[in-house]
Structures are given as C-alpha cells and as structure tokens.
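These notes concern the structure reproduced below.
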Amino acid sequence: MKNTQINNLLKKIGILFLFLFSNYIIAQGTTCINAEVLCTPNAAFPAQTSAADLGPLPSCGTNGQAPGFPVSSTLASTPNPAFYTLQVVESGDLFLFINTSPAKDVDFAIWGPFASPDVIANCSGNNFPPGAPIDCDYSTDPSEQIDVPGVLAGQTYILMIANYSGEATDVTLSPNNDHGINTATLGGPLGFDVIQPDSYSVLDSPANMIISPAITDPNISSVNFSGTGITDATNGVFDPSVAGVGIHTVTVTGTSYACSVVRTIDINVHNLLVADNDTLGTALVPLASGASDVPAGSVLTGDTLNGVQVTPANTDVNPVTTGNILIDADGNVTILANTPTGSYPVIYAICESGANPVNCTIATVTVEVVGELVANIDDFTGTPLTIGDPSPSVIADDTLDGAAVVIGTNPGQV
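Going letter by letter, the sequence shown gives residues -27 to -1, 1 to 387 in mature numbering (1 follows the signal peptide of the UniProt record, and there is no 0).
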C-alpha cells in the first residue's frame, strides 16, 4: 500500500482517467460460485452495499510486499463481498490498484492459480475457494494493492472485494506500473477459434463457418460474422461466388464467458482449375517416333477453368524440356526423334495466367510410342552368288529408332 503523497496523487489521477475514459461496467457475484468474469485489468463498477457477510478468512496479506507477507492473523469479517474470475490469456503480472470514489474502506483477497475457469469446481461449493488467499489486504485505507507477479496464460484467479464501509462508492481497478509495465492480459476463459478451410474455388457451394467451441456452447453468445462473402451474419455462411477471386478477411465477434472476443480469418478464393490425366496413343495403336521430332497432341484437352475448356490464353504449362517427351508452355507434346518403343508417363503442371499465377494443379500425360522401324529394299543383282555361298544380310541397312536393327527378343531388338 502506498503512503506517500506522490503515490496517492498518482492513484487519484488514475481514478480520474478511468472515470473519464472507461465505460467498462461489470456485474457482481456475491459468493464464490457466482463470480463474474473480469475481462480487463482496467475496470469500474459500484461496490456492493447489501450482500451478506460471508465470515472470516485465513491469514494472508501483502501490505505492498511479496505475496504471503502476513499483516493480520485473520480477516474477521467480509461484509458486502463481490467475486470476480480473472482468466489470464497472456502472461504477465497482476499488479493492480483498487481505488474507491468517494473514498471508502474496502478490502480484498485473491486465490489461485486454478487450471480451469470452472468456478463451481474452484470454489468447491463453498463461499470462498479452499485454502488461504495468495494475497489480500484489509486495512482501513480507501485504496488497496494486488501484488501477484508472473501469472501465466491459461491460469485462473478468483478475486473478492469486500466493501467494509457498507456505503455507496465506485471501485476502479488499474495497472500499478510502479512495479513494471508487464501487465497480464485478461479475457474470456475459452474464447473461440474459427475452423475453416483457407481456400475455396468460386464454384464451391456456400458453407457455414465453424466455431470451436460451437455457437451452441452456453459460454459462447452473440456471435456475428462480417466480411466480403458473408451472406448470413448470424450463422456465418460464406459464399465463394459472392466473394469472388481474391483473399478475403472475415471477422467473427462474440462473447465468451461474458468477455468480448474477436477473431479474424483470411480466406482465399480462386478459380477452379482442373487438369485431367491424358493418354496420347494407345498400347494397340501407339504413336510412331521418327528420324525427327514428332508432334503428339496437347495436354490441355479436357483441362478446364471454372468448367470451361482452358486455352493457352488463360493458362500456362510449365515446360518439360528433358527426356524423350517434351511439353511446351502452350501444352503441346512432342516425341523426341528416335524415341524407343515404350510407355512414357510425364507429370506436368498447369497454372492460371494473369492475375492469379499461383493457382496451379498437376496431372500426368502418358504417351504410348512405337519406335520407327525402317526396312530398306535390298538388291543383290549386281553381285551374283554361287550356289551354296551365303548371301549378304537383308537387315544390314535396316534401322530401328535410327540404329542398326538387332535380331533378338530383348527390348530394342527385332
């Protein structure tokens, strides 16, 4: 507790600031299990004046020192109590001033940390949480000071403020920056997350955005969706065709455990690009290679953009420039000269051209090839043979894929 004139002046300035700029007014629970959620370390609310005295508390207190420094053996009474749940959503310190206006005698106690925001479990069905508070003060001073350093995200604390005077007064809470500025962030215990695919095509059907916990969770309420493509703000229906191609930010606002929660999600809507797997030639009727390159067809046949056949004007194919099968940027397939007989699968990528070149997909084209077999006409009349002499080979000048033929049963032989 601060006793110097400077610190009292700072407190008064803090009170004035909060009343001028804070419109955050919270309700109060008069027992532990009815604790209200405190959503911010900056809060203003009227003190209780008619709640029942819940009796004494065990020894605790800080008097501005580290938690646990005793200032009294017991708090003999707790008249006009109000209980609050403090859920930490970002780690820091709970160094808070409690001030009153007009100045009245109030006391406080704080328990924790608890792993769950469930006040029924944390209070164990009693007026107070079990055990001694980790910090409290019950002097006659009209202002108090909460000192709980190093609180962690996910932890819950229960705060009681008792209006010992019983007279009407307004209570304000504000960070005590005398101890540092690493004030913890408070909020709804659960909050909620938006679970949503980050990509749609313009041909996808409208879909409900999913909230976790679900909107039906009793601790989630007043959920509203806004942004381009939202056609139902209550149920969160997103229509890709309404949003159009691009990246759209959807904002979801709601209430979780009485605290306002805002979430945003970016949704990418793209044109629907479909590339079919293609086969050029068949095993029974393959395409013949030759002494020079041979055109084989196009991979674009059957590929569509938003259901319409693609063209070289609205798509680009990543060229394939190595191997026996070549593909150019317009999707034209070429069989390289003297390609041997075989089945040639080639993976290719096709991308939307223009404003969205990252919209790509892949497919496979399989080219069935038969090598070029050339049998030249042989004329041995200029070289008469004697009966019994061997004749020259009729395949001496024949070629397969540009190379001399070889008789046999292995691949590449005839």
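Even glycine gets a Cβ: it sits at the ideal position worked out from N, Cα and C.
Only counting the same chain, and skipping five residues up and downstream in sequence, which positions put a Cβ closer than 6 Å to that of Gly304? So the list reads Ser271, Val272, Leu273 and Val290, once near-sequence residues are dropped.
Contact between the region 91 to 105 and the region 63 to 81 (3+ Cβ pairs under 8 Å): Too few Cβ pairs lie closer than 8 Å, so no.
Buried or exposed (CB count within 10 angstroms, at least 16 for buried), residue 391: Not covered by the structure: residue 391. The range shown for the chain is -27 to 387.
Name the two residues that bound the continuous beta strand (DSSP E) containing Pro213. Not the beta strand (DSSP E): Pro213 falls in the alpha helix (DSSP H), residues Pro213 to Ala216.
Quick check on Phe82: buried or exposed, where buried means 16 or more other Cβ atoms within 10 Å of its Cβ? Here residue 82 is Ala; the residue named in the question, Phe, does not match the sequence. Ala82 is buried by the Cβ-count criterion.
Taking the alpha-carbon of Ser178 as reference, which of Ser64, Ser214, Thr226 and Glu63 has the nearest alpha-carbon? Relative to the Cα of Ser178, the nearest Cα in the group Ser64, Ser214, Thr226 and Glu63 belongs to Ser214.
If we call anything under 8 Å between Cβ atoms a contact, is Val223 one with Ala157? The Cβ-Cβ distance between Val223 and Ala157 does not fall below 8 Å.
Could you tell me which uninterrupted beta strand (DSSP E) segments, each at least 3 residues in length, are contained entirely in the region 119 to 183, listed from first to last along the chain? Residue ranges of uninterrupted beta strand (DSSP E) with 3 or more members, entirely inside the region 119 to 183 and ordered along the chain, are 129 to 136, 143 to 148, 166 to 168 and 172 to 174.
According to DSSP, which residues form a beta bridge with Tyr317? Under the DSSP definition of a beta bridge, Tyr317 partners with Val340.
Give the straight-line distance between the Cα atoms of Pro357 and Val338, rounded to the nearest whole angstrom. Straight-line Cα distance between these residues: approximately 53 Å.
Indicate whether Leu59 and Leu132 have their beta-carbon atoms separated by less than 8 Å. Yes.
Ordered along the chain, which non-local residues of its own chain (more than five positions away) have a Cβ less than 6 Å from that of Ala216? Hits under 6 Å: Thr201, Gly202 and Val242.
What is the rounded straight-line gap between the Cα of Asp110 and the Cα of Gln118? Whole-angstrom Cα-Cα distance: 8 Å.
Under the rule that 16 or more other beta-carbon atoms within 10 Å means buried, what is Val225, buried or exposed? So Val225 counts as buried.
CB Asn100 to CB Gln21, shorter than 8 Å? Not in contact: Asn100 and Gln21 (Cβ atoms no closer than 8 Å).
So, helix, strand or coil for Cys12, using DSSP? In the structure shown, Cys12 falls within a coil segment according to DSSP collapsed to helix, strand and coil.
Exposure label - Ile183; buried when at least 16 CB within 10 Å: Classification for Ile183: exposed.
Which residues in the same chain as Val283 place their Cβ atom closer than 8 Å to its Cβ, once the five residues preceding and following it in sequence are excluded? Sequence-distant partners of Val283 (beyond 5 residues in either direction) whose C-beta falls short of 8 Å from its own C-beta, in its chain, are Leu246, Leu273, Asp276, Thr277 and Ile323.
With distance defined between alpha-carbon atoms, name the residue in Thr314, Gly280 and Val319 nearest to Leu299. Of the listed residues, the one whose Cα sits closest to Leu299 is Val319.
How long is the line joining the alpha carbons of Phe87 and Cys96, rounded to whole angstroms? The alpha-carbon atoms of Phe87 and Cys96 are separated by roughly 10 Å.
Pairwise C-alpha distance: Pro292 and Glu341: Going by C-alpha positions, Glu341 is about 20 Å away from Pro292.
For Val283, three-class secondary structure by DSSP: DSSP places Val283 outside both helix and strand once states are collapsed to three, so it counts as coil.
Whole runs of the beta strand (DSSP E) within the region 245 to 302, excluding any shorter than 3 residues: Within the region 245 to 302, the complete beta strand (DSSP E) segments at least 3 residues long are 251 to 253, 267 to 271, 288 to 290 and 298 to 300, listed from N- to C-terminus.
What's the gap between the Cα of Asp331 and the Cα of Leu176? The residue asked about is misnamed: residue 331 is Val in this sequence, not Asp. Val331 and Leu176 have their C-alpha atoms spaced approximately 18 Å apart.
With a cut-off of 8 Å on the beta carbons, I'd call Ser326 and Thr288 a contact; round off their distance for me. Their Cβ separation, rounded to whole angstroms, is 6 Å, which keeps Ser326 and Thr288 in contact under 8 Å.
Here's the rule: buried if 16 or more other CB atoms are within 10 angstroms of the residue's CB, otherwise exposed. What is Asp212? Asp212 is buried by the Cβ-count criterion.
Residue environment, residue 394, which counts as buried when at least 16 other CB atoms sit within 10 Å: The structure shown has nothing for residue 394, since the chain only spans -27 to 387.
With 16 as the cutoff for other CB atoms within 10 Å, does Thr142 come out buried or exposed? Note on Thr142: 16 or more other CB atoms within 10 angstroms of its CB, so buried under the neighbour-count rule.
Within a Cβ cutoff of 8 Å, which residues of the same chain sit near Val218, ignoring the five residues on either side of it in sequence? Result list for Val218: Val175, Val242, His243, Asn244, Ala328 and Asn329, in chain order.
In its own chain, which residues sit with a C-beta less than 8 Å from the C-beta of Asp301, not counting the 5 before and 5 after it? Taken in chain order, the residues that qualify are Val290, Pro292 and Thr307.
Along the chain, where does the beta strand (DSSP E) containing Ala55 start, and where does it finish? Ala55 -> beta strand (DSSP E) spans Pro54 to Glu63.
Measure the C-alpha to C-alpha separation of Ala17 and Val144 and round it to an integer number of angstroms. Note on geometry: alpha-carbon atoms of Ala17 and Val144 lie some 6 Å from one another.
In chain order, each beta strand (DSSP E) run of at least 3 residues that lies wholly inside the region 78 to 110: As far as the region 78 to 110 is concerned, its whole beta strand (DSSP E) runs of at least 3 residues are 79 to 87 and 108 to 110.
Give the DSSP bridge partners of Ala24, in chain order. Answer is none; Ala24 lacks a bridge partner.
Which word fits residue 415, buried or exposed, when buried means at least 16 other C-beta atoms lie within 10 angstroms of its C-beta? In this structure the chain extends from -27 to 387, so residue 415 is not present and cannot be described.
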